[in-house]
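Heads up, the thing below is written out as structure tokens.
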């Protein structure tokens with residue numbers, strides 16, 4: 128299956144605040160915030176939703192194509208993605224722009240406050256499946272330039288390309304009209320619990336309204352696991368206990384990667400969902416969205432420590 132991943136490409140600047148945001152945010156002053164957080168660490172990592180998803184899919188033996196826009200500083204990043212098996216042929220580099228940047232501050236409770244600089248991502252709206260990925264068989268529309276997200280969803284419907292709609296971090300930015308129009312006809316809608324409730328609030332759509340318009344639904348719920356609805360069936364996907372917790376950035380991207388690799392292999396939904404849960408745990412155990420590593424054999428062995436796949440995952444090894 129030719130899987131095309133659209134979304135942001137960015138460099139992540141990950142910072143740690145040695146306290147709790149809730150201790151300095153005053154409920155009666157949220158309309159008048161003026162705060163500065165002194166952090167005790169900052170690290171720069173490759174990131175962005177599209178390569179984050181693609182990286183983990185490649186570790187699982189896939190060969191995903193990323194269709195996105197990067198900047199003049201992307202050369203080394205491109206080489207690193209290609210080294211793990213990601214197809215970067217549909218990534219355009221804008222020579223007079225810098226790659227988008229994500230600045231995120233995480234407190235001791237794993238709460239996050241983030242800021243995103245668009246940079247070259249603003250050019251993503253110029254990319255089309257017809258020109259850059261005409262052989263796509265499944266696409267995911269993950270957080271990106273808002274115009275690009277609208278265009279990609281519309282083009283997928285026009286060309287008959289099944290697509291997963293993942294508004295995630297851009298749910299706050301997109302209008303209710305945009306969200307309702309773009310998720311309509313999606314093969315699956317994927318969000319975390321907060322984002323899903325926000326979509327319902329912004330669009331006025333109920334659970335049943337959304338299910339009538341999409342083929343499937345994934346809602347991740349942090350420590351409570353995830354809810355997966357597919358082919359008319361509901362599944363609870365439990366978390367895989369981490370060996371240690373380092374940073375939650377990129378956990379959702381990894382979940383989508385594991386799920387999509389399971390879909391690509393034609394595996395049963397519960398197995399594909401648990402692949403997503405395990406992939407997410409690998410990221411949680413590291414600082415950075417692409418600093419985890421595993422072989423397919425090691426992934427299967429760890430999966431089998433927690434779940435019975437009845438031999439289905441032999442296809443990975």
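Numbering (the numbering used here), first residue to last: 128 to 444. Glycine included, each C-beta is placed from N, C-alpha and C at the ideal position. Only a predicted model underlies this, so the values are computations on that prediction, with no experimental measurement involved.
Handout entry: residue 419 versus 219, 439, 371 and 442, residue with shortest Cα-Cα distance
Key = Residue 371 is the option with its Cα nearest to residue 419.
Problem - Close-in-space but distant-in-sequence residues of the same chain around residue 389 (CB under 7 Å, 5 per side omitted) - result: Leaving aside the five residues that flank residue 389 on each side, the residues in its chain whose CB is nearer than 7 Å to its CB run, in chain order, 398, 399 and 402.
Problem - Inter-residue spacing [alpha-carbon to alpha-carbon] between residue 350 and residue 223 - result: In a straight line, the C-alpha of residue 350 is about 42 Å away from that of residue 223.
Problem - Between the CA atoms of residue 436 and residue 423 - distance to the nearest angstrom - result: So the alpha carbons of these two residues sit roughly 14 Å apart.
Exercise for the section: Reducing DSSP to helix, strand and coil, say where residue 361 ends up. Expected result: The three-state secondary structure of residue 361, taken from DSSP, is strand.
Handout entry: Start-to-end residues for the alpha helix (DSSP H) that takes in residue 309
Key = Looking at the DSSP string, the run of the alpha helix (DSSP H) that includes residue 309 is 303-310.
Handout entry: Bridge-paired residues (DSSP) for residue 170
Key = DSSP, once it has assigned bridges, lists 141 as partnering residue 170.
Exercise for the section: Flag this pair as touching only if the region 135-151 and the region 224-234 have three or more C-beta atom pairs under 8 Å; answer yes or no. Expected result: With a cut-off of 8 Å, the region 224-234 and the region 135-151 count as touching, because enough Cβ pairs lie within range.
Exercise for the section: Report the residue ranges of all beta strand (DSSP E) runs contained in full by the region 320-348; include only those spanning at least 3 residues, in chain order. Expected result: Taking only runs of at least 3 residues, the beta strand (DSSP E) segments lying wholly in the region 320-348 are 343-347.
Handout entry: C-alpha distance - residue 218 paired with residue 207, whole-angstrom precision
Key = For residue 218 and residue 207, the distance between alpha carbons rounds to 14 Å.
Handout entry: Straight-line Cα distance separating residue 153 from residue 287
Key = Roughly 49 Å separates the two Cα atoms.
Practice task
Measure the alpha-carbon distance for residue 143 versus residue 438 and round it to whole angstroms.
Solution key: Using only the alpha carbons, I get a separation of about 41 Å.
Practice task
Could you name the residues of the same chain whose beta carbon sits closer than 7 Å to that of residue 167, not counting the 5 residues immediately before and after it, in chain order?
Solution key: Non-local C-beta neighbours of residue 167 in its own chain, meaning closer than 7 Å and more than five positions away in sequence, comprise 143 and 145, ordered along the chain.
Practice task
Say whether the region 154-164 touches the region 298-308, bearing in mind that this needs 3 or more beta-carbon pairs closer than 8 Å, one atom from each stretch.
Solution key: Here the region 154-164 makes no contact with the region 298-308; the two share fewer than three CB pairs at distances below 8 Å.
Practice task
Give the secondary structure of residue 386 by DSSP, where H, G and I count as helix, E and B as strand, and everything else as coil.
Solution key: Shown here, residue 386 sits in a helix according to DSSP, grouped into three states.
Practice task
Please state if the CB of residue 330 and the CB of residue 303 are separated by a distance shorter than 7 Å.
Solution key: Contact flag set, yes.
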